[in-house]
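A quick write-up on the structure given underneath.
In this note's numbering, the protein residues as written are 4 to 503.
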């Protein structure tokens, strides 16, 4: 899809698209963490089959998200007077920038309508129904968008279709929820009492800190790059973050689906949480190391093959983006247990500190290092994000979970963390060095070199993880979980065959 977008519209449209998406990510702070708070509140009534309580929560959730959609719409329109300051160096864009931006605002506001019912699937550990709809819609969306771009070469047509398909996806999820959980329909629920709303708002208030700060962290990089360096650079970087964010989203779905199970453990068996965490942490390390190695070795060749050599940026950009991905992904298991145990209030100021450090340092490094060239200005902005992570989330969230949930020494976490980090660095360097031989000393077709590097990425990190960790408690536990999952799938397949 990105290849078609670049070839039909160009890098400046790509930059504007990524910039407006990130601006509206910042404005999505209006959601205030309502989703996480409601999901946490649903665990107990869902487990106890308390239909009345669930319906009441869904009624509250529906009303809250209607307000969120309105806030996003109004907040988005308030940015319009500042677009001339934010959007720079885009002479190739023919359509009015304001109209393009308003369509993005509408699409974001629409995304909050009807979507509240997806929480029912999450709380019931049946999120695969939502994933199925999202996959079908995503494939349909990509195919139709490619067709529209080839036929019309018109950005506005592309955006209007995006609004329609977003609305359709939410309608399908809503209909599916009503079909699977008719007893939980929000219209059957009674209004929550003042005390119940107060308890929810307490968690929402704490989650607001996380939501606002994370939105600013994710969205302000593009705004700073566009304002101080140029909107075109947002497009170049978005080609890279397209890949890293897609992988990160897949991993997020995995952790998202694991959260209800961890939430049930928090209610029924707190002692098993630590052993479960260690297995989940090892799984995260394995997946993250493989992905990080692949990014270091394959990301620039992938950009060159898919988009063209003119879109390839320096290796320092790949390294800093991969570092951000690795640190962000490795802390996912901690966030899963933090959310599942409802630790929203205890760490509410951590994301604020991370956000302030990131924005302040991004502006300073962008202004300072851009004197050495635009590349280094962009690198400075991304490096600021990594530094902000290291100074906040990488130590505070583990401290919170280990102290409040596991009742364990934080030294145990850092011992594993530095072992995993050291291995990942060695894996990236060894695999990149092996792949570099083919670039330097052999004159081969780029596609053949890419295939060879892909094989190296599949073999080197995974083989060394097996050799070095196969006797550890975490590896054995992970393999046991994997065998159980495969056993369940085989049992379901046999049952289906017998029924057929």
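For glycine and all other residues, C-beta sits at the position ideal for the given N, C-alpha and C. Here the structure is a predicted model, which means the values were calculated and not measured.
- With a cutoff of 7 Å on beta-carbon distance, residue 341 and residue 399 are scored as not near each other.
- Burial state of residue 464 is buried, judged by a 10 Å Cβ sphere holding 16 or more other Cβ atoms.
- Taking C-beta separations shorter than 7 Å and ignoring five residues to either side along the sequence, the partners of residue 54 in its chain run 186, 187, following chain order.
- Spatial neighbours of residue 98 in its own chain (CB-CB distance under 7 Å, excluding positions within 5 residues in sequence) are listed in chain order as 158, 159.
- The three-state secondary structure of residue 350, taken from DSSP, is coil.
- When secondary structure is reduced to three states using DSSP, residue 120 falls in the helix class.
- When the five nearest sequence neighbours on each side are left out, the beta carbons in the same chain lying within less than 7 Å of the beta carbon of residue 447 are those of 441, in order along the chain.
- The closest CA to that of residue 293, considering only 56, 325, 390, is found on 325.
- Excluding residues up to 5 positions away in sequence, 400 lie with their Cβ nearer than 7 Å to the Cβ of residue 338 in the same chain.
- Residue environment for residue 318: exposed (fewer than 16 other C-beta atoms within 10 angstroms of its C-beta).
- The three-state secondary structure of residue 316, taken from DSSP, is coil.
- Residue 376 is positioned such that its CB atom lies no closer than 7 Å to that of residue 369.
- With a threshold of 16 other beta carbon atoms within 10 Å, residue 476 falls short and is exposed.
- Pairing residue 110 with residue 75, the inter-Cα distance amounts to about 10 Å.
- Close CB contacts of residue 404 within its chain, under the 6 Å cut and outside five residues either way in sequence, are with 337, 340, 341 (chain order).
- Residue 138 is positioned such that its CB atom lies no closer than 7 Å to that of residue 172.
- Counting only residues of its own chain and dropping the five nearest sequence neighbours on each side, residue 161 has a CB closer than 7 Å to the CB of 148, 151, 152.
- Less than 7 Å divides the Cβ of residue 391 from the Cβ of residue 357.
- Residue range 335–343 is occupied by the alpha helix (DSSP H) that includes residue 335.
- Within the same chain, 284 come within 7 Å of residue 419 by CB-CB distance, once the 5 residues on both sides are set aside.
- When rounded, the separation of the alpha-carbon atoms in residue 438 and residue 397 is 31 Å.
- In summary, residue 445 is exposed, with fewer than 16 beta-carbon neighbours lying within 10 Å of its beta-carbon over all protein chains present.
- Classified as buried, residue 130 has 16 or more neighbouring CB atoms from the shown chains inside 10 Å of its CB.
- Cβ neighbours of residue 365 within its own chain (closer than 6 Å, five residues either side excluded): 227, 384, 387.
- Going by DSSP, residue 276 is part of the alpha helix (DSSP H) stretching over 275–309.
- CA-CA distance, residue 247 to residue 291, rounds to 11 Å.
- Residue burial is scored here from C-beta neighbours: residue 224 has at least 16 other C-beta atoms within 10 angstroms and is therefore classed as buried.
- In terms of Cβ geometry, residue 42 and residue 126 form a close pair [threshold 7 Å].
- The C-beta distance from residue 335 to residue 254 rounds to 7 Å, short enough to meet the 8 Å contact threshold.
- With 16 or more other CB atoms across the displayed protein chains lying within 10 angstroms of its CB, residue 288 is buried.
- Looking only at 44, 13, 146, 482, the smallest Cα-Cα distance to residue 346 is reached by 44.
- In summary, residue 143 is exposed, with fewer than 16 beta-carbon neighbours lying within 10 Å of its beta-carbon over all protein chains present.
- Rounded to the nearest angstrom, the gap between the Cα atoms of residue 485 and residue 105 is 47 Å.
- Across the structure, residue 84 and residue 361 are spaced so that their CA atoms are roughly 25 Å apart.
- Linking residue 21 to residue 28 through their CA atoms gives a straight-line distance of about 10 Å.
- Counting C-beta atoms within 10 angstroms of its own C-beta, residue 61 has 16 or more neighbours from the protein chains shown and is therefore classed as buried.
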